[in-house]
Every structure is written in structure tokens, then in C-alpha cells.
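All residue numbers for the sequence shown refer to the working numbering, where the first residue is 41 and numbers rise by one.
Beta carbons are placed, not taken as given, at the ideal position from N, Cα and C, and that holds for glycine.
All figures in this text were calculated on a predicted structure; none of them were measured in a lab.
Worksheet for the structure shown next.
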Amino acid sequence: MRHLIDPTDLSMSELDEIINLALDIIDNREKYADACKGKKLATLFYEPSTRTRLSFTSAMLELGGSVLGFSDAKSSSVAKGETCADTTKTISCFADIIAMRHFEEGAALVAAMNARVPVINAGDGSHSHPTQTLTDLLTIKREVGRFDNLTIGFCGDLRFGRTVHSLIKAMSRYEGVKVVLIAPEQLRLPSYMKQEVCDKNNIPYVEVSSMEEVMGDLDILYMTRVQKERFLDEDEFDRLKDSFILDAEKLKKARPEMRVLHPLPRVNEITIDVDKDPRAAYFRQVENGKFVRMALILKLLEWAKDESKTIDLIPADTIRNQHVCSTKRCISNMETGIEYLFRPRTDKPGKFRCVYCESKAKL
Ligand code: CP
């Protein structure tokens with residue numbers, strides 16, 4: 041079976057296939073109107089969503105398929121204590137493909153380990169959001185025309201921002217990409233991302249404390265929201281929530297071809313006066329999300345029938361039940377019946393990372 045749990049689950053040629061299919065769908069909508077006739081998508085959303093859930097729904101309906109699921113896990117048997125594994129086994133009896141969003145990191149991986157149909161990670165806690173990454177890549181392709189030789193500024197919550205983590209991973213595979221990290225001290229990119237993604241792939245990065253000082257250097261400014269729901273300490277959220285705000289005045293320093301992306305929702309980190317600037321691409325980005333999810337659904341359903349497309353969910357060097365994850369929101373610490381799975385760290389020999397959420401082992 042083939043799933044999408046992490047953006048790097050897709051080879052470069054598979055990624056190209058998905059982007060090119062999305063571009064063809066944009067140009068030939070009627071050609072795909074019955075492409076998923078008789079197929080069912082289950083959307084299992086344990087966390088709020090507007091764009092991801094409804095763009096998946098819209099994508100499947102435009103392909104001629106149907107959609108079932110829940111947008112609030114409290115209305116399902118999760119409220120009675122059912123585990124993610126059991127819910128997934130159950131939904132595999134009803135649907136041909138599953139899109140899951142969960143507040144527990146690693147939930148989509150656990151779902152994939154238990155499903156009989158393809159599972160798409162629609163966001164797992166602070167960890168990963170690969171279909172947002174596909175949306176971002178299609179937007180970059182349409183707005184900028186290339187993936188290589190780009191300087192991308194990531195601004196806002198780089199610590200908990202799963203869209204940032206996933207996009208940096210995806211962009212680290214292209215030549216000549218430079219990353220500029222614009223965040224307050226407390227919301228900086230996690231060290232595993234710097235060491236095991238940027239350093240490992242020779243992606244240069246700088247950390248700066250204002251967007252003004254780098255605005256003129258950027259090809260893309262990727263804005264993010266400071267996410268209240270990820271903070272355990274509300275006072276800390278209040279201190280950080282207004283850290284970086286993009287307005288029309290700051291945008292004057294940007295090049296005419298620079299593009300502003302944002303996964304949305306926004307709160308106040310981009311003022312409304314920016315929306316009318318042609319460089320503001322975030323609402324065009326939303327529409328790209330539907331097209332790329334149409335392409336992804338088609339490809340995963342096609343690859344589900346092809347054994348050569350199966351990839352190992354658990355890497356061969358995984359060690360079982362010898363360490364405990366340091367992240368409270370990791371599914372291995374939140375649900376029963378989950379094995380602790382760890383892999384050796386490439387940056388620190390003798391140390392380990394959780395397979396579900398990529399956090400360190402607890403000391
Ligand atoms: N970008 C994104 O994931 O938006 P939603 O939370 O509305 O799905």
C-alpha cells in the first residue's frame with residue numbers, strides 16, 4: 041500500500057508527476073470529472089480545519105467521487121476512547137482512501153500502519169503537513185516558475201509550524217535553495233530541522249530577527265501564524281503573538297517578482313492592505329490546494345494497485361521499545377498499544393529520534 045505521511049515519501053519524479061497532473065487538471069477540468077466515480081474519500085479530522093478538509097472534499101467531488109467522515113472527533117467513537125489504530129481499521133472497511141488530521145504527532149503514521157487503504161497525512165500536530173507542501177510547491181511553480189535557486193524567508197512560528205517543517209524538507213532537495221529564518225528566539229526552527237535537513241543537504245540558512253533586513257533578498261516570503269493551540273503556556277503565547285507583522289509599508293522593500301505565501305488561516309500577521317498587492321499569492325495558493333489534492337488522490341489510488349510503489353513505513357534501522365519519546369504530544373505517549381520506535385540520529389552517533397514525530401528520546 042502507498043501512503044503520504046511525510047513530503048519526502050515522494051521521490052522527485054513522483055513529485056513532478058503530481059505537480060504536472062495538477063497543472064493538466066487546471067487546464068482540462070472536464071477530462072477528470074468522472075476519474076474517481078464510485079470511489080470514496082474519508083476525511084477524519086480530529087483538529088479544526090477549513091482549507092484542508094474542504095479542499096479535499098471539493099477535490100474528490102470534482103473527480104466524481106464521494107466523501108464521508110467527521111470534522112469533529114467528539115461526534116465519533118473517539119469520544120468513547122477508541123484509538124487511532126482501531127478507527128483507521130474500521131474506516132478501511134468503508135472508504136477507498138483516507139485523509140487524516142490529528143493533534144497527536146505521528147497519528148497519520150499509526151493510521152497508515154493499520155489501514156488497508158492509502159492514508160494521507162492532512163497535518164499531525166506540530167510535525168508535518170505534506171499536502172500543504174504540495175500546495176506550496178504548485179503555487180511556487182505557477183507564481184515563480186522554478187524550484188531551484190530560490191531564497192525563501194520563513195517568518196513567524198518556525199518551532200511549531202508543521203507547514204514550515206514540511207516545506208523546508210521538500211525544498212532541501214533542490215539545487216541552490218537558501219533559507220532565511222525570521223523568528224523570535226522562542227519560536228526558532230527546531231535543531232533537528234537545522235542539523236538533519238539543512239546541514240545534511242547543504243542548504244545554507246541564516247537566522248535573523250527582523251523581516252525588514254532581508255526583504256530585498258527574498259524570492260518568497262512564507263508567513264505563518266503564531267499558533268495559540270500549540271502553546272502549553274498562554275502567557276508565553278501572549279508575549280509572542282505579535283512578533284512579526286507584514287504590512288504594505290514593509291513590502292515596499294521587496295522585489296517586484298517576490299511572492300508572499302501563507303498556509304492560512306492568518307490572524308494579524310499579514311495586514312489586510314497587503315491583500316491587494318499582486319505579490320500576495322496566498323489566496324491563489326488556497327485554490328492550488330484543491331488542484332494538487334485532486335492530483336494526489338488520483339496518483340495514490342493508482343499506486344495502491346502497484347506493489348512496486350509500496351514504501352516501508354518503518355525504516356530497517358528502527359529500534360523497538362528501548363527508548364521513550366520526549367514529546368508529550370507524540371502518539372507514542374498519548375495512546376495505548378503503540379510501540380516506541382526510534383532511529384539512530386545522523387548528527388549525533390549514539391542518540392536516537394522518534395520515528396513518529398522525529399523528537400529526541402527522553403533522557
Ligand atoms: N493551511 C491549512 O492547513 O488550513 P486549515 O487549517 O484551514 O486546513
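Segment limits, alpha helix (DSSP H) that includes residue i
i, result
"Arg91", "Arg91 to Glu102"
"Tyr322", "Tyr322 to Trp343"
"Ile59", "Met52 to Asp67"
"Ser206", "Arg202 to Met211"
8 Å Cβ cutoff met for residue i and residue j
i, j, result
"Ala151", "Met140", "yes"
"Gly146", "His169", "no"
"Arg42", "Ala356", "no"
"Ser366", "Lys402", "yes"
"Ser132", "Arg93", "no"
"Tyr173", "Asp259", "Strictly speaking, residue 173 in this sequence is Thr, with Tyr absent from that position. In this structure, Asp259 does not lie closer than 8 Å to Thr173 by Cβ."
"Asp136", "Lys209", "no"
"Leu221", "Arg213", "no"
"Val204", "Tyr245", "no"
"Gly256", "Ala223", "no"
"Asp176", "Leu301", "yes"
"Met251", "Lys290", "yes"
"Met334", "Leu103", "yes"
"Lys349", "Glu57", "no"
"Leu108", "Phe85", "no"
"Ile180", "Thr171", "no"
"Thr311", "Asp287", "yes"
"Leu381", "Ile351", "no"
Spatially closest choice to residue i from the options, by CA coordinates
i, options, result
"Lys292", "Ile354, Ser249, Val184 and Asp313", "Asp313"
"Arg299", "Thr386, Phe194 and Arg383", "Phe194"
"Lys388", "Val254, Arg319 and Asp239", "Asp239"
"Thr264", "Leu258, Glu252 and Phe200", "Phe200"
"Ser116", "Thr130, Asp56 and Glu252", "Thr130"
"Glu54", "Cys370, Leu336, Thr376 and Arg360", "Leu336"
"Ser106", "Ala119, Ala75 and Pro88", "Ala75"
"Leu304", "Thr90, Asp49 and Glu57", "Thr90"
"Asp164", "Glu183, Met334, Asn154 and Leu149", "Leu149"
"Pro88", "Phe134, Ala162 and His363", "Ala162"
"Pro230", "Glu398, Asp49, Met52 and Glu57", "Glu398"
"Arg69", "Asp56, Ser98, Leu84 and Asp46", "Ser98"
"Tyr232", "Leu341, Thr386, Glu247 and Met52", "Thr386"
"Gly329", "Asp46, Ile65 and Thr48", "Ile65"
"Glu379", "Val254, Val237, Cys370 and Arg360", "Arg360"
"Val188", "His142, Ile243, Asp278 and Lys400", "Note on residue identity: the sequence assigns Asp, not Val, to residue 188. The shortest C-alpha separation from Asp188 is found at Ile243."
Distance cut-off 7 Å: residue i Cβ against heavy atoms of the ligand CP
i, result
"Pro47", "no"
"Leu261", "no"
"Pro305", "yes"
"Thr173", "no"
"Arg91", "yes"
"His142", "no"
"His169", "yes"
"Gly201", "no"
"Gly165", "no"
N-terminal and C-terminal residue of the beta strand (DSSP E) that residue i is part of
i, result
"His142", "Ile137 to His142"
"Met263", "Ile260 to Met263"
Closer than 7 Å: residue i CB and nearest the ligand SAM heavy atom
i, result
"Ala119", "Summarising the ligand content, the structure contains the ligand CP and does not contain the ligand SAM."
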